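Protein chains in written order, with this note's numbering: chain A, 2 to 243; chain B, 1324 to 1414. Virtual Cβ for every residue (Gly too), placed ideally from N, Cα, C. If you're wondering where the values come from, they're calculated on a predicted model, not measured in any experiment. Shown next, in structure tokens, is the structure this report addresses.
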Amino acid sequence: MMNAVFEQLAEALTYLGKKQIITLQLGNLSIQFDKAAMIMSWIVIGLLTILALFLRRALRQNIEDNPNRVQAAMDALIDLLQGQLTSSFSSEKLAIEMFPFISTLFLFVLFSNWLGIVPGLSSPTQNLNITMGLALMVFAVSQILAMRAKGMKAYWKGYLEPMPFMLPLNIIGELSKPMSHAFRLFGNVLAGTILITVVMAKFAPIIVPSGLHLIFGLFFGGIQAFVFAILAVAYINVAVES
Amino acid sequence: MLQEAQAVAVGISGADIALAAKYIAAGLCMGIGAIGPAIGEGMAAAHALDGMARQPEMQGALMRTMVLGQAITESTGIYSLLIAIVLLFVV
């Protein structure tokens, strides 16, 4: 049993970077996975977990009054993120409540975008399924929080405002948010990847691609991760507020 | 002359025309689709710079709002990019 799993994993690793669909058959239901996207997102999750465990160990060593350097740096980072979120959200309670979710989203997207720089690996965010999954997660959170904040009746009534005939427009407007949220990240990352691949294959195989990686991987990847997180904040805030 | 043209025309199949149309459409889609976001992002940057020059202490907040606004402005460009990609690789 275990051997088969390892064999499959080894087989999957040889196809790294290529588009490989594996199908899982569960009775009548067949689920398809893209190997590259799946393995890359596992790598990102593993990296983040290792980082978290490493940082936690660094924090544990001296919990008393004199923090070490890592702890001070983390304190500053958390303060910065929390300040950023508190100024973006309408209420401080919501900001503190949403802080773990938003920062996890930000870190996942950031590491995903930056993973494309490593030779042989690809960004999981250049797969539409993954960005759509993240966007739908934000959508679900915003709707649930809106229901909780406004109450069921007021929430459903919100779709009939300002006029009842605006209902289809309101529904389309609500559904277009996760769509544009997902397509924006996917399109940006995919555009960078295609550009770098074309330049590498056709024009300049060395030196130039590293500069392009610097711009499209590090800079745009960071900006897009930030934008993804800030838009998640904006969508949640709008849903809860209005 | 006419016979040559006819010979060339016979060599072109419907699939070739479809391929050519695909490439032209993808190019037009990207070229026209990039105009709007470019103007919009430029305006956002220009006005943010105006604001920063007037109030340098507001730089952080202005920068954040500008980047966010540009990212949203960019989405129409991203849509046209996706359509171009669909035209090139999927259709």
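query                                                                                                                                                                                                         : result
Checking contacts by CB at 7 angstroms: is Ser1403/B closer than that to chain A?                                                                                                                             : no
When you compare the segment 19-33 of chain A with the segment 105-119 of chain A, are there three or more beta-carbon pairs, one atom per stretch, that lie closer than 8 angstroms?                         : no
My parser needs the beta strand (DSSP E) runs of 3 or more residues fully inside the segment 139-181 of chain A; what are they?                                                                               : none
Tell me whether the segment 148-159 of chain A and the segment 76-83 of chain A touch, counting them as touching only if at least three CB pairs, one residue from each stretch, are closer than 8 angstroms. : no
With 7 angstroms as the threshold, decide whether the Cβ of Ile216/A is near any Cβ in chain B.                                                                                                               : no
Which of the three DSSP states, helix, strand or coil, is assigned to Leu82/A?                                                                                                                                : helix
The segment 1384-1396 of chain B: which residues have C-beta closer than 7 angstroms to a C-beta of chain A, in chain order?                                                                                  : Val1390, Leu1391, Ala1394
Counting contacts by CB-CB distance shorter than 7 angstroms, is Cys1336/B in contact with chain A?                                                                                                           : One detail in the question is off: residue 1336/B reads as Ser in this sequence, not Cys. Cβ-Cβ to chain A under 7 angstroms: no for Ser1336/B.
Return no unless some Cβ of chain B is closer than 7 angstroms to the Cβ of Ser143/A.                                                                                                                         : no
Does the beta carbon of Glu98/A come closer than 7 angstroms to any beta carbon on chain B?                                                                                                                   : no
Just to confirm, are Ala1367/B and Gly1392/B a CB contact at a threshold of 7 angstroms?                                                                                                                      : yes
For my contact list, Val190/A and Gln127/A are in at a C-beta cut-off of 8 angstroms; report their separation, rounded to the angstrom.                                                                       : 5 angstroms
Quick check: the segment 132-139 of chain A against the segment 177-187 of chain A, are at least 3 beta-carbon pairs closer than 8 angstroms?                                                                 : yes
Quick one: residues in its chain with C-beta nearer than 7 angstroms to the C-beta of Ile1/A, no 5 flanking neighbours on either side, listed in chain order?                                                 : Lying before the first or after the last residue shown, residue 1/A is absent from chain A, which here runs from 2 to 243.
Using a beta-carbon distance cut-off of less than 7 angstroms, what residues from the segment 173-189 of chain A approach chain B?                                                                            : Ser181, Phe184, Arg185, Gly188, Asn189
What's the gap between the Cα of Leu1372/B and the Cα of Arg58/A?                                                                                                                                             : 44 angstroms
Pull up the distance between the alpha-carbon of Ala1328/B and that of Phe187/A, whole angstroms please.                                                                                                      : 45 angstroms
Alpha carbon to alpha carbon, how far is Lys203/A from Ala1344/B? Give it in angstroms, no decimals.                                                                                                          : 23 angstroms
For a test of the three-state rule: what should DSSP assign to Ser31/A, helix, strand or coil?                                                                                                                : strand
For Ala11/A and Phe140/A, I'd like the C-alpha separation in whole angstroms.                                                                                                                                 : Low confidence applies here, because Ala11/A scores a pLDDT of 48, under 50, leaving its location unreliable and the question unanswered by this model.
Expressed to the nearest angstrom, what Euclidean distance is found between the alpha-carbon atoms of Ser92/A and Gly1400/B?                                                                                  : 34 angstroms
I need the straight-line Cα distance from Ala136/A to Cys1352/B, nearest angstrom please.                                                                                                                     : 26 angstroms
Measure from the C-beta of Ala155/A to each C-beta in chain B and report whether the shortest distance is under 7 angstroms.                                                                                  : no
Determine the burial state of Lys154/A: buried for a count of at least 16 other Cβ atoms within 10 Å of its Cβ, exposed for fewer.                                                                            : exposed
Please list the partners that Val200/A has in chain B, where partner means a Cβ-to-Cβ separation under 7 angstroms.                                                                                           : Within chain B, no residue comes near Val200/A; the closest Cβ sits about 17 angstroms away, beyond 7 angstroms.
Return yes when the Cβ of Leu168/A is within less than 7 angstroms of the Cβ of Tyr160/A, no when it is not.                                                                                                  : yes
In the structure shown, what three-state DSSP assignment does Ile22/A receive?                                                                                                                                : strand
How many angstroms separate the CA atom of Asn69/A from the CA atom of Met75/A?                                                                                                                               : 10 angstroms
Taking the C-alpha atoms as reference points, what is the distance between Ala96/A and Val239/A?                                                                                                              : 13 angstroms
So Ala240/A contacts chain B; which residues on that side make the cut at Cβ distance below 7 angstroms?                                                                                                      : None at all; the shortest Cβ gap to chain B is about 17 angstroms.
Quick check: what's the CA-CA separation for Glu1397/B versus Gly193/A?                                                                                                                                       : 14 angstroms
Rounded C-beta distance between Ile197/A and Leu219/A? I'm assuming under 8 angstroms.                                                                                                                        : Their Cβ separation, rounded to whole angstroms, is 12 angstroms, which puts Ile197/A and Leu219/A out of contact at 8 angstroms.
Taking the continuous alpha helix (DSSP H) assigned at Thr126/A, which residues delimit it?                                                                                                                   : From DSSP, Thr126/A is part of no alpha helix (DSSP H); its letter is neither H nor E.
I want to verify the contact list: residues of chain B whose CB lies under 8 angstroms from the CB of Ile224/A, in sequence order.                                                                            : Val1390, Ala1394
Answer with buried or exposed for Ile1347/B, where buried requires no fewer than 16 other C-beta atoms within 10 angstroms of its C-beta.                                                                     : exposed
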